[in-house]
Amino acid sequence: VIRTNLDSCFNMTKQVMDGMTERKWGRVINVSSVNGQKGAFGQTNYSAAKAGVVNLTRTLGIEAARHGVRVNAVAPGGILSSGLGRYPAEVQEMAAAVLAQVPAARLGTEAEVAAAVVFLASPASAFTTGATLRVDGGGSLAKTAFVPLEAHDRLPPWSGFHRSSAAPSRFVRERDDPA
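If you're matching positions, the sequence shown starts at 77 in this note's numbering and goes up one per residue.
What follows is the structure in structure tokens.
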């Protein structure tokens with residue numbers, strides 16, 4: 077997990093950084109996770125690796141900025157990936173537990189993560205370096221990091237939360253009525 081999620085960012089960046097600093101231009105956009113900033117129950121190694129990506133991004137952002145190279149990261153939260161329906165029921169239950177904590181009342185999309193990457197690569201973020209952009213519908217601002225499955229049935233039901241078997245509507249909950 078650490079090799080895949082942290083070492084890969086370090087090793088790939090090391091391969092391209094000299095050329096970027098020589099040209100005085102470059103963009104490095106790492107993919108972290110909100111779990112790297114918040115932690116997640118049962119995911120110590122993954123959360124530690126993603127925290128390493130956040131700090132690699134910060135540190136390299138400081139070191140590379142004077143050379144015209146910006147280094148940033150995107151930290152997705154709960155994302156409704158195209159493959160989610162093929163995951164085991166336990167993973168789908170975890171997605172439902174994550175959804176219950178998302179103020180935006182839905183999981184994000186792959187396109188929204190891609191849009192964040194495009195933004196960080198664009199001139200619109202010209203004065204941004206060493207930053208981690210969370211793409212999580214406010215979920216990382218929630219009180220708890222993760223609801224363990226064994227605790228799931230002991231919790232009171234969430235208002236308006238649906239556990240239908242159909243995806244993707246299974247991963248969308250109704251917003252509270254403002255009235």
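Heads up, the beta-carbon is just placed ideally off N, CA and C, and yes, glycines get one too.
Between the CA atoms of residue j and residue i - distance to the nearest angstrom
| i | j | result |
| --- | --- | --- |
| residue 123 | residue 107 | 13 Å |
| residue 183 | residue 196 | 21 Å |
| residue 215 | residue 83 | 27 Å |
| residue 88 | residue 94 | 12 Å |
| residue 113 | residue 210 | 10 Å |
| residue 31 | residue 158 | Outside the displayed range of the chain (77 to 255) lies residue 31, so it cannot be described from this structure. |
| residue 78 | residue 128 | 9 Å |
| residue 138 | residue 176 | 36 Å |
| residue 264 | residue 81 | Since the first residue of the chain shown is 77 and the last is 255, residue 264 is not available in this structure. |
| residue 105 | residue 111 | 17 Å |
| residue 131 | residue 85 | 11 Å |
| residue 193 | residue 185 | 13 Å |
| residue 187 | residue 179 | 19 Å |
| residue 212 | residue 200 | 21 Å |
Where residue i sits in the DSSP three-state scheme
| i | result |
| --- | --- |
| residue 116 | coil |
| residue 161 | helix |
| residue 176 | coil |
| residue 171 | helix |
Burial state of residue i (16 or more Cβ within 10 Å)
| i | result |
| --- | --- |
| residue 151 | buried |
| residue 126 | buried |
| residue 121 | exposed |
| residue 155 | buried |
| residue 172 | buried |
| residue 191 | exposed |
| residue 198 | exposed |
| residue 92 | exposed |
| residue 118 | exposed |
Report yes or no: do the region 202 to 212 and the region 159 to 172 share at least 3 C-beta pairs separated by less than 8 Å? With a cut-off of 8 Å, the region 159 to 172 and the region 202 to 212 do not count as touching, because too few Cβ pairs lie within range.
Continuous beta strand (DSSP E) assignments of at least 3 residues falling wholly in the region 84 to 149: Given a length threshold of 3 residues, each whole run of the beta strand (DSSP E) inside the region 84 to 149 is given here in chain order: 102 to 107.
Below 8 Å, how does it come out for the region 134 to 144 and the region 97 to 104: are there three or more Cβ pairs, yes or no? Yes, the region 134 to 144 touches the region 97 to 104.
Runs of 4 residues minimum, wholly inside the region 175 to 210: which ones carry the alpha helix (DSSP H) assignment? Counting only runs of 4 or more, we get 186 to 197.
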